[in-house]
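Single-structure report; data block below.
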Amino acid sequence: MNIELMSSGRAPIGTNGKPVNLHHMLQKQDGTIAEITQSFHKENHRIIHINDNSIPSGINRCKNE
1 MNIELMSSGR APIGTNGKPV NLHHMLQKQD GTIAEITQSF HKENHRIIHI
51 NDNSIPSGIN RCKNE
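Just so we're aligned, residue 1 is where the sequence shown starts under full-length UniProt numbering, counting upward by one.
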């Protein structure tokens, strides 16, 4: 199932039954990306987002789509 999802550009399903998130660890376009569950992303949002809202995102999201 996950291979089919990823082949069509969709996120694979994680161990918690929800789509996996790709998280830019350093909040930079060329930085490390980690696969994390939606629940981990939500529960640890303040910890894993090192840039506050006063710093523009270093990620070109249009390029990733």
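Backbone N, C-alpha and C define an ideal beta-carbon position, used for all residues, glycine too.
For A34, the beta-bridge partners assigned by DSSP are H23.
By the Cβ-count criterion, H24 is buried, with 16 or more other Cβ atoms from all chains shown falling within 10 Å of its own Cβ. Short of 6 angstroms from the beta carbon of M6, and not among the five residues preceding or following it, lie these beta carbons of its own chain, in chain order: P12. Where I3 is concerned, the enclosing alpha helix (DSSP H) starts and stops at 2–7. Contact between I36 and N51 fails: their C-beta atoms lie close to 17 angstroms from each other, not under 8 angstroms.
S39 and N2 do not touch by the CB rule: their CB atoms are close to 18 angstroms apart, not below 8 angstroms.
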